[in-house]
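This note's numbering numbers the first residue of the sequence shown as 11 and each following residue consecutively.
Note that CB positions come from ideal geometry on N, CA and C, so glycine has one too.
This one's a predicted model, so the numbers in the text were calculated from it and none came from an experiment.
Here's the structure, in structure tokens; my notes come after.
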Amino acid sequence: MSSKSSKHGKGKIPPGIFVLVLLLLVVGMFAFFHLPTQEIRKSEMVLKNQLNSPIQADLFLELMNSGKNILSQGISGAEKAAENFKQATELSPGDLDAHLNLANALLLLGRIDEVLSQTSEALKLNSNAAAAHYISGCAYVRKGQFEEAVQSLQIAKQIDHTINAVSYQLGRAHQGLGQWQLAASEFEEVVQFDPGHPSAYYNLSQTYLRLDRREDAEQMLEKHQEVVAKNPLSSDPSVTEKCIYTEAIAPFLLEQPEKVGIEVKFVDATQSMLGANASAYSGPVGLLDVGHDDQLDLLLREKDQGFKLLMQQQGIFTSQGFPVPELPGATYHQCLIGDLQHQGSMRSGQQEDAILISDQGTQVFQISPNGMMSDSSLFARLAPLRAHQGRLTDFDITGKLDLIALNSTNRSLLFYRNEGTFSFRPEATQTNLPPGLSGVIDFLFEDWDGDDLPDLFVAL
């Protein structure tokens with residue numbers, strides 16, 4: 011079921027129909043098909059604020075992206091990655107990601123004091139950077155400074171409690187302080203969400219021993235042995251430190267629009283699209299897809315001829331069939347397009363019909379898929395209706411389009427029920443429309459409250 015409406019403002023009909031075609035010039039087409047040569051490019055404005063020249067900006071991007079790729083190789087690429095990230099921090103000291111990337115590379119290399127120096131710089135830039143708190147915590151655990159580790163890791167966990175590696179490192183820190191129950195809670199959480207964790211079961215078994223839970227300790231040790239049998243334990247601390255916070259970050263690059271946008275030009279294509287008779291056409295205009303071929307056709311009025319159907323083919327409109335006479339002396343206000351013969355079978359859109367609203371009566375046109383148009387106003391029982399405005403809406407959710415119109419004399423609301431046989435019946439009751447309402451300027455039907463039922467908005 012479809013409903014379309016075309017209306018010229020305040021009921022006035024323009025003296026002629028003009029068609030404007032939107033053209034994209036060659037320069038615009040180039041802009042449309044141009045693809046960035048780099049997947050990730052930093053915002054030009056951000057780079058200009060941080061760096062002194064486009065050359066420095068390009069170098070910064072190259073260092074960060076190549077460093078990220080090298081660091082993904084692990085310890086073998088850490089030294090070179092650290093060099094890249096160090097240069098990046100020198101180029102842009104205010105870039106948070108550059109400091110975090112450098113800290114991660116240094117952590118892999120075991121250069122702990124330098125790690126803490128970089129995370130300190132990162133936290134100056136953003137005190138809520140969870141990655142900076144986590145990397146600091148890992149560095150403190152490696153140094154055996156467990157109180158500082160607990161402080162950093164607790165903050166990281168408060169920011170995001172879903173990162174399992176944070177819980178594991180926090181358990182290690184509590185374990186280092188002899189806080190066995192707190193350590194056990196963290197390790198229990200780790201194995202709950204990662205049953206294959208390489209070290210959590212062993213540390214949990216050791217913690218249970220300190221809590222005198224020997225049976226539980228033996229069970230956890232057995233679990234540890236099962237895990238190690240499948241995945242041999244590594245002595246590299248970076249294995250248990252690895253998480254989203256230890257991944258290098260490439261700059262977030264927002265591609266900027268071209269300085270010269272797509273050039274737009276409006277060209278009068280009235281004659282080429284409507285032909286030599288274009289000046290004789292006027293509204294109201296109906297847009298419809300008669301052949302259901304995704305080509306919009308036109309229903310409009312031709313001077314001294316009546317209403318004509320213009321079928322479109324490759325952007326050219328040609329007259330189809332014979333015109334239907336207009337009402338003598340009528341001022342037409344609106345053309346409504348919809349499937350008026352739909353009977354609730356969910357096969358809407360099989361045929362499009364038109365309702366022409368005027369101050370001298372209403373005309374209803376049946377339009378066949380081959381473009382033949384006939385006046386069925388009397389059969390539809392709408393011919394006597396003199397209206398200023400109308401809406402087609404499925405008032406009762408039956409699959410049939412009903413008509414609500416504004417009386418042309420006192421601008422009161424009129425309701426015509428679609429009986430499903432291309433005929434309408436006026437109905438004053440059983441509609442819940444406000445009785446005695448006149449002087450209506452405009453009205454709308456929409457589902458305002460989301461209950462899948464139409465609501466009425468009236469402007470007086």
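| Query | Result |
| --- | --- |
| Under a three-way DSSP split, which group does K313 fall into? | coil |
| Going along the chain, which unbroken runs of the beta strand (DSSP E) with 3 or more residues stay wholly within the segment 261-327? | 274-278, 291-298, 307-312 and 316-323 |
| Whole angstroms are fine: how far does the CA of P205 sit from the CA of D123? | 33 Å |
| CB-CB under 6 Å to H398, same chain, minus the five flanking residues each way: which ones, in chain order? | H343, L416 and S418 |
| Counting only runs that start and end within the segment 102-156, where is the alpha helix (DSSP H) found for 4 or more residues in a row? | 106-119, 122-135 and 140-153 |
| Can you give me the C-alpha to C-alpha distance between Q315 and E336, rounded to a whole angstrom? | 8 Å |
| Do you know how far the Cα of Q191 is from the Cα of N114? | 30 Å |
| CB Q361 to CB S378, shorter than 8 Å? | yes |
| With C-beta atoms as the reference, is Y144 less than 8 Å away from L163? | yes |
| How big is the Cα-Cα spacing for L447 and D457? | 21 Å |
| Using beta-carbon positions only, say whether R391 and S433 come within less than 8 Å of one another. | yes |
| In the DSSP assignment, what residue or residues form a beta bridge with T403? | D412 |
| Report yes if the CB atom of V151 is closer than 8 Å to the CB atom of Q179, and no otherwise. | yes |
| Am I right that L284 and D349 are in contact with their C-beta atoms under 8 Å? What's the rounded C-beta distance? | Incorrect: roughly 26 Å between the Cβ atoms, too far for contact. |
| Please determine, among D299, A140, D307 and K96, the residue with the shortest C-alpha to C-alpha distance to C253. | A140 |
| Classify M382 as helix, strand or coil using the three-state DSSP reduction. | coil |
| According to the neighbour-count rule (16 or more other Cβ atoms, all chains shown, within 10 Å of its Cβ), is I326 buried or exposed? | exposed |
| Could you pull the start and end residues of the alpha helix (DSSP H) that H343 belongs to? | From DSSP, H343 is part of no alpha helix (DSSP H) but of the beta strand (DSSP E) over Y342 to G348. |
| Opposite L423 in the DSSP bridges: which residues? | L416 |
| What three-state label does DSSP hand L470 in the structure shown? | coil |
| Restricting to runs no shorter than 3 residues, where is the beta strand (DSSP E) found entirely within the segment 211-237? | none |
| So what does DSSP say about N428, is it helix, strand or coil? | strand |
| Determine whether the beta carbon atoms of L243 and M230 lie at a separation below 8 Å. | no |
| List the DSSP bridge partners of L366. | C345 and Q373 |
| Let's see if you can read the secondary structure: which residues bound the alpha helix (DSSP H) around E456? | Per DSSP, E456 belongs to no alpha helix (DSSP H); it is in the beta strand (DSSP E), D452 to E456. |
| Relative to the C-alpha of N79, which candidate in R311, N111 and D452 has its C-alpha closest? | N111 |
| Taking Cβ positions, are P464 and F455 nearer each other than 8 Å? | yes |
| I need the DSSP call for P333, collapsed to helix, strand or coil. | strand |
| For S387, count neighbouring Cβ atoms within 10 angstroms of its own Cβ and tell me buried if that reaches 16, exposed if not. | buried |
| Grab the span of the beta strand (DSSP E) containing P436 for me, first residue to last. | F434 to P436 |
| Smallest Cα separation from G381: which of K153, Q330 and K134? | Q330 |
| Going by DSSP in three states, L34 sits in which element: helix, strand or coil? | Any reading at L34 must be qualified, since the residue scores a pLDDT of 29, below 50, and its modelled position is unreliable; no value is offered. |
| With DSSP as the reference, label H207 as helix, strand or coil. | coil |
| Which one of K313, D307 and A469 has the shortest CA to CA distance from M321? | D307 |
| Would you tell me roughly how many angstroms separate the C-alpha atoms of G359 and V334, rounded to the nearest one? | Caution is warranted here: a pLDDT of 48 is assigned to G359, below 50, making its placement in the model unreliable, and the coordinate value is therefore given only provisionally. Whole-angstrom Cα-Cα distance: 23 Å. |
| With 16 other CB atoms within 10 Å as the buried threshold, where does L466 fall? | buried |
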